[in-house]
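Structure, as structure tokens:
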């Protein structure tokens, strides 16, 4: 079966169909939440709200914008570290996220904001849509440089769907807390992506080995991504927490965890290299693991020193993962993880789930106060019989559910993406912008021009 | 008549005179709004405000900072796509915006914040000043690389003045709504800039053709600008809307419109290229057209699907414009539009004005509620006799006024800028940083050194 | 005595020890402020607060995130202007700041947030920690490229300590106002750094002269730093001001000062160059001096025109400093100031202190109102006998105390850093990333490979 990488009709058609479907579904289902509706003036009176500042917009909008930057600039530029894949990193991330947030508004809306036949959206929905897409960006990191934009759009379609189902199971059925998404976003996203890349295994990928490294400038571009993720992570983990102390606490905990993580990442990066030099890959990635790992517990009474300990451990684990685990996964398990998401999102995500379970399990009236404990874990209504121990057990269950969803979902989606007509590149043309982008003349690289139009799948 | 590009005395003198005049005028006219004045503590009591959080600062400051980033990093870096004009793009944008915001504070202040002989400024004035300068940044895009910094300062002086007059006509005389500035900022800015570049037509510009394209790195820098514009556009369109639901809704609508716009931009970019490859120019620019085109209607009950439709259309129109219209304008109409602002701000701006007029025209009590409709369109006081239809008609009139102001103003200013003593470069030296900047030794380009000091105007 | 730049054991050990100590001290001392504690729900009732929006988080968090960006992206990228030191600029700044904020939370906490044996932290502490680290970033600018990361960590340890002592003397003993830190952050940071670099004088530094300049791309990366510092400076100067008018006013004043500063920086940059060309160094740095110089007075009734005048002067002084003073300091006083912090933070910092003293001295009931004056300068309790004149005098004293602390502290710390076993590079290897970083193969520079492992100190 013959196929090629010229996407002239396939990509436009995919985009058009997806976007038209979005418009139709939005037309049928999506309306404004009362806080964003012109009837707000009446709503305020009804709910006895005296000031516009009580509109949730003012509680969440600054965090929303920070999260938005993390998804588009943070993830987009973090992946520009490859020498010849800057356009694809930023551009495809832009494309998949722009589609993903629309589909996430619908999927999450049906599960969480659906009343009387309509989805009512507010700024909180926008944040959650960005979160959902964040898990796709994570998975993208595993397959970066090896898939076509059509494959990315298809993966986004399925992954957003599965994310929403998993999130529904965790948040509504298991009633776990996971404001910063250690389980729903990172664990799920990472193992989903790793499963996909395992299925898409390319045995001859060493043919494009020379393009799988960075150059000086690309490493600096990647640092833009790293720093925006690092700086805004306190917003990420606090964006959808309860108003007041929970948001406040989540920001503080994340700030602490990330600070500690930088020091141990630097320490390990130097210690694991014979000449003691620092490796940009670790600085770009492992320094962020602390943010992932307090995703679940950040809004809990983890305590600042608890956050430091989490960051401390994750900087070590993540850097060690980059040095030893990634090569092992590739050579032994045939898992080709371009960005090393297993070290940045996989293991730290699981650690985050465990930290959350333990912190919930240890939650006590002594620490939270009676009302505080109730409010923090919603021990009211259907959960009025719960205690910290129950919460801790359900939290732990959430990790396994997320992993199961990731493996099963990733296997199915990976198999779909393996179909030969999505315009994927040959092994020797991976990690190369010229396949899908007009690249400025002066800088054409030495990729294999003869192979781009018609070629059997190499795998 | 002989002239040269050595600005040693002209540029410093221009800057000094402008800045000294600003200081004098600020000294005579500009004072703090009560919300930013030390008397606020008394003002609060008078206005029966119980909490500092009711200070408008807290409603608008986060949006202000986002808008600020759009003007300086967004526009500045978007224009760095040229291979040898990065310093000029970021640096001159910085210069003109820094001057423009001061002059805008005065001009807009006289029209909108003038009481008892003083202009009283608050964070809302800062946002509006940034908006006003945004229209100059738009116009700068048309003449990028072909003018001297002195010309830019002069253009800014006049354009800010005309912008403020046009804004006054629209907002105060015609009483239109245009919170995100589809008409006042984008339509006016784009057609003003296009008229200026038409007057400054350079018949021999193909002499610097080789510098009119991008290189790999410059395209990545430009994506920083694109993404910041894209991500923060919800803040742009909601920054000066009414507190509460209007700000909230404007952010949601803009988010939706921009998301849809990305998919159709990508679709058309691939479809219009024989090999189906994506063109960075389209990704950098057309993806933003959706933000421009909901500038007027974003705060209205456009509905999320309405926003998606607007974004859908604008992604198509803008990309088609880049492929077919820009070359046509240059070859047939002698309009040399360096950044293609006609496709990003011109047409989408007009579409935005039309969308606003139609949305206002269709506004009904059924959708807005009685109070909501009144509040959304200020159907009180002098407008108490208005209905949606009246509003729609005035909105439409606003488009034509903006266009007229742009054409007439642009023609006058273009003629002034055509005078031969502003230090403009020769045709073969356009798009070249070395003319006005110290460029690091190692990277001197092949521009025409012999021509820079003394040379007759080429045009 | 022999030494080398292989940090394999020294850097990891330093990081580990510092981080473990931080964890222990946090465990013993650091707890959540009531506003970030789960007991907030009870606290609200006690303090009769009706809405979560009164939580200080919502007053300060947006500014905090802007300040955070300034520290990590602003300072980090501003220093990437060197052609071969981008990794070190961004990476070491990241490292020292991540450690510094932890140590600052403790040091400042003991002085300002210590009750009943615990430090209670909230978002305001995070901002102040970032501020404190800002002064270290300033000092880093003087020694950029000439020190090892171990030296930076040691300097951070001491400088944060001294900063906190100095801040305590100024804010608590002298009771001065310095919300934007002209004295505590900039004056102290700059003269501390200059003293350190004076002690670390390298007589043969011209051996790495060729690496002490920029390249085209590095100048663009540096502009990212410049612009983020410039844009977010209004947040910096207003972040910890009183709620309401003071924050509002501080933002407006800083906005104005910075705008004026750009024009005079450009003017002088062009005027001081024979060919009238602009120098990126001035655009990257001098344009920011206006923000430094309103650091103390921004929250006072400086008036918008007063801010413009301050910016006007600082743009001139700073640019002149870069052209004439920096070379003079290096050749005559043996002060090697890599980034020219004396021009950006030193002189403008002192100017800022003076502007603050004069503005406080001139403060009157006519301008502030009776209550406003009391509130602005805390003329209550222990300060109830003070008047504007007293305040002005104490403000002036604050400048001298900051300078004294900087000189004495810098001399001690410089002497410690001069010890030969911290892994510093030889003179011919300064400003070179390869010493401490894995640099992508393709771009190895011509640094002296033979010298890196074992070499006597050159100085």
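Protein chains in written order, with this note's numbering: chain A, 1 to 459; chain B, 1001 to 1459; chain C, 2001 to 2459.
Glycine included, each C-beta is placed from N, C-alpha and C at the ideal position.
Any Cβ of chain B closer than 7 Å to the Cβ of residue 161 of chain A would place that residue at the interface, and such an atom is absent. A residue is called buried once 16 or more other Cβ atoms fall within 10 Å of its Cβ, and residue 1009 of chain B, having fewer, is exposed. In terms of Cβ geometry, residue 2349 of chain C and residue 2225 of chain C do not form a close pair [threshold 7 Å]. Taking 8 Å as the cut-off between beta carbons, the residues of the stretch 1356 to 1374 of chain B near chain A are 1367, 1368, 1369, 1371, 1372, 1373, in sequence order. Across the set A:161, A:178, A:216, A:139, the C-alpha of A:139 shows the shortest separation from the C-alpha of residue 191 of chain A. The beta carbon of residue 2040 of chain C sits closer than 7 Å to some beta carbon of chain A. Here residue 2014 of chain C is actually not in contact with residue 2162 of chain C; their C-beta atoms are around 19 Å apart, not less than 8 Å.
Under DSSP, the beta-bridge partners assigned to residue 2437 of chain C are A:278.
Annotation for residue 2119 of chain C: the continuous beta strand (DSSP E) segment containing it runs 2118 to 2121. According to DSSP, residue 1114 of chain B shares a beta bridge with B:1119. Separation of residue 2131 of chain C and residue 1378 of chain B (C-alpha to C-alpha, rounded to the nearest whole angstrom) is 44 Å. A Cβ-Cβ contact shorter than 7 Å links residue 422 of chain A with residue 148 of chain A. Under the 7 Å criterion on CB atoms, residue 2259 of chain C is classed as interfacial with respect to chain B. Annotated three-state conformation of residue 216 of chain A is helix, per DSSP. Nearest CB-CB separation between residue 1244 of chain B and chain A: below the 7 Å threshold. Within the stretch 99 to 118 of chain A, contact with chain B at the beta-carbon level (separation under 7 Å) is assigned to 99, 101, 102. Assigned with DSSP and collapsed to three states, residue 31 of chain A falls in strand. Secondary structure at residue 300 of chain A: coil, using DSSP grouped into helix, strand and coil. For residue 83 of chain A, not one C-beta of chain B is nearer than 7 Å to its own C-beta.
Taking residue 1146 of chain B as the centre and dropping the five residues before and after it, the same chain places the C-beta of 1197, 1200, 1202, 1205, 1336, 1338, 1424, 1425, 1430, 1431 closer than 8 Å to its C-beta, in chain order.
DSSP places residue 1049 of chain B in the coil class of the three-state scheme, outside both helix and strand. Note that the C-beta distance between residue 2262 of chain C and residue 2287 of chain C is below 7 Å. When A:280, A:33, A:267, A:346 are compared, the shortest CA-CA separation from residue 116 of chain A is found for A:33.
Residue 1026 of chain B is positioned such that its CB atom lies no closer than 7 Å to that of residue 1127 of chain B. Closer than 7 Å to the CB of residue 1308 of chain B there is at least one CB belonging to chain A. Straight across, the Cα-Cα distance linking residue 1069 of chain B with residue 1228 of chain B is about 7 Å. Taking C-beta separations shorter than 6 Å and ignoring five residues to either side along the sequence, the partners of residue 208 of chain A in its chain run 428, 430, 431, following chain order.
Among the residues of chain B, none has a CB under 9 Å from the CB of residue 2091 of chain C; the nearest is roughly 20 Å distant. Residues of the stretch 1205 to 1229 of chain B with a C-beta atom less than 9 Å from some C-beta of chain C are 1217, 1218, 1221, 1224, listed in chain order. Here DSSP, grouped into helix, strand and coil, assigns residue 1103 of chain B to helix.
Contact annotation for residue 2051 of chain C against chain A: 54 [CB-CB distance below 7 Å, chain order]. Fully contained in the stretch 1328 to 1384 of chain B are the following alpha helix (DSSP H) runs of length 4 or more, in chain order: 1347 to 1361, 1365 to 1368, 1370 to 1377. With its beta carbon at least 7 Å from every one in chain A, residue 1401 of chain B lies outside the interface. Among the CB atoms of chain C, none fall inside 7 Å of the CB of residue 418 of chain A.
Among the CB atoms of chain B, none fall inside 7 Å of the CB of residue 2327 of chain C.
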